[in-house]
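In UniProt numbering, the protein residues as written are 1 to 483.
Beta carbons are placed, not taken as given, at the ideal position from N, Cα and C, and that holds for glycine.
The model shown is predicted, which means the values in this text are computed figures rather than measured ones.
The structure appears below as structure tokens.
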Ligand SMILES: [Cu+2]
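What follows is the structure, given as structure tokens:
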């Protein structure tokens, strides 16, 4: 197949109609039922749905009817969409979103991947009850990236997410604009999850302490989705929005994909691979070349190799349009490595309910971190893997995995906020916080999180007393527990 890296044709994208992420003004973007919905003769299944775009406004959390593609159902939704509207923003903007709670229990919204002040981070202690609303003013001060919003009330996150409350949050910036990446109809957000859907089309939830595995995949809320494709390079922006399921993603014909970004935006250089493991809440930014001889002559399935599911079929059109792509530059925007940690801490993810032997207590701050200093944090799996680790308040970089798989992977490069910890593994990261306040470390297997595999910590102003007294060597100690 052609290589994206060396194709430097100078023709950029022609003006394109029907951009999936074009300003939809909050209007429905529901797919047509399958069988003749534009996928060419013999296409079965349902046209992939794409949520509308929202900038500022209201997100109403409620049980509503939904379109699963070809059939109706019901779920907990934001504004009636599964997933909710895709929020878009640029650095320097403040997104103002008022979430109204029309559920029958408390909720909150966490903007996973956004580094924002504690007051708008949507943490469990900020949950608000039925009939109430909360306005999140989100100062966006970070680079282009795909992020993920979802509820975060203590002990009820898993059910609310599984029943439908989740959405994508895309940040764009000038650095990314300069790359002229596939856009409009050729940039496709894919919110991947599994679900249980009952006979009436209602999403149901029966999670246990060990997790929740739904019986069917849903991509952008669509059952058995297909996407009619042109002879173009597609940018697939994927988030694992499942409670517990880890996806191992590949195309059925084994073709290469080009990974250009992860949780915190673009990688320093693109990586070609044909399989990616995506833990809960992890994101990946992929280019897939469907030009020339790479154009599929029959539906091309995107698979989850672990479950054997077909997640999405890319279907040839009767009259595909050929779309030029200038190719990627040889280097992407730099990711400056963090270095010279001044302190280390260790976090043991114990069983299904605790970190460092302690279950979550909303009132307890487990430790303090001075802002502005690089620290080396080690995460250890101590039973009941996998544990998808997530940290609020900063992006970080993975530096080493010992035990278990014993290596890092391309999809763990760049700036991360979530990563997978499997059996017998220890993973070291480098992290630096820039905003003071109270943040969280937790397992993003949502059933583990709800059961207490979570802790609060506090980012403080200025350097710590140990720094001030000249102790700059790395210390290895468990995070101490202050009452
Ligand atoms: Cu866990």
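Residue environment, residue i, which counts as buried when at least 16 other CB atoms sit within 10 Å
{"i": "residue 228", "result": "buried"}
{"i": "residue 101", "result": "buried"}
{"i": "residue 166", "result": "buried"}
{"i": "residue 248", "result": "exposed"}
{"i": "residue 65", "result": "exposed"}
{"i": "residue 461", "result": "exposed"}
{"i": "residue 71", "result": "exposed"}
{"i": "residue 362", "result": "exposed"}
{"i": "residue 434", "result": "exposed"}
{"i": "residue 298", "result": "exposed"}
{"i": "residue 83", "result": "buried"}
{"i": "residue 339", "result": "exposed"}
{"i": "residue 144", "result": "buried"}
Alpha carbon of residue i to alpha carbon of residue j, nearest angstrom
{"i": "residue 57", "j": "residue 116", "result": "18 Å"}
{"i": "residue 260", "j": "residue 220", "result": "21 Å"}
{"i": "residue 38", "j": "residue 226", "result": "Its pLDDT being 42, under 50, residue 38 is placed unreliably by the model, and the measurement read from it follows with that caveat. Roughly 10 Å separates the two Cα atoms."}
{"i": "residue 457", "j": "residue 44", "result": "50 Å"}
{"i": "residue 266", "j": "residue 272", "result": "14 Å"}
{"i": "residue 399", "j": "residue 329", "result": "26 Å"}
{"i": "residue 487", "j": "residue 424", "result": "Residue 487 falls outside the range modelled here, since the chain spans only 1 to 483, and no answer is possible."}
{"i": "residue 432", "j": "residue 113", "result": "15 Å"}
{"i": "residue 208", "j": "residue 384", "result": "13 Å"}
{"i": "residue 337", "j": "residue 68", "result": "42 Å"}
{"i": "residue 26", "j": "residue 59", "result": "At residue 26, the pLDDT of 35 sits below 50, so the modelled position is not reliable; the number obtained from the coordinates is stated separately. Each residue's alpha carbon lies about 11 Å from the other."}
Beta-ladder partner(s) of residue i, from DSSP
{"i": "residue 208", "result": "211"}
{"i": "residue 105", "result": "Its beta-bridge partners do not exist; DSSP assigns none."}
{"i": "residue 277", "result": "248"}
{"i": "residue 349", "result": "355, 381"}
{"i": "residue 343", "result": "375"}
Which of helix, strand or coil DSSP assigns to residue i
{"i": "residue 73", "result": "strand"}
{"i": "residue 98", "result": "strand"}
{"i": "residue 292", "result": "helix"}
{"i": "residue 184", "result": "helix"}
{"i": "residue 458", "result": "strand"}
{"i": "residue 318", "result": "coil"}
{"i": "residue 137", "result": "strand"}
{"i": "residue 425", "result": "coil"}
{"i": "residue 58", "result": "strand"}
{"i": "residue 125", "result": "helix"}
{"i": "residue 304", "result": "strand"}
{"i": "residue 49", "result": "coil"}
{"i": "residue 336", "result": "coil"}
Neighbour flag for residue i against chain B, beta carbons, 8 Å
{"i": "residue 434", "result": "Annotation note: the requested chain B is absent from the structure, which comprises a single protein chain."}
**Item:** Touch test, the stretch 77 to 90 against the stretch 158 to 178, Cβ-Cβ under 8 Å, three pairs minimum
**Value:** Yes, they touch.
**Prompt:** Using 8 Å as the threshold, is the stretch 152 to 162 in touch with the stretch 120 to 132, meaning 3 or more CB pairs across them?
**Reply:** Flag = yes, the stretch 152 to 162 and the stretch 120 to 132 touch.
**Asked** How do the stretch 408 to 416 and the stretch 311 to 327 stand: do at least 3 beta-carbon pairs fall below 8 Å, yes or no?
**Response** Touching, no.
**Prompt:** Per the contact definition of three or more C-beta pairs closer than 8 Å, is the stretch 374 to 385 in contact with the stretch 337 to 347?
**Reply:** The stretch 337 to 347 and the stretch 374 to 385 touch, with no fewer than 3 CB-CB distances between them shorter than 8 Å.
**Item:** At least three beta-carbon pairs within less than 8 Å, the stretch 275 to 295 to the stretch 233 to 241
**Value:** Because the criterion of three Cβ pairs below 8 Å is met, the stretch 275 to 295 and the stretch 233 to 241 touch.
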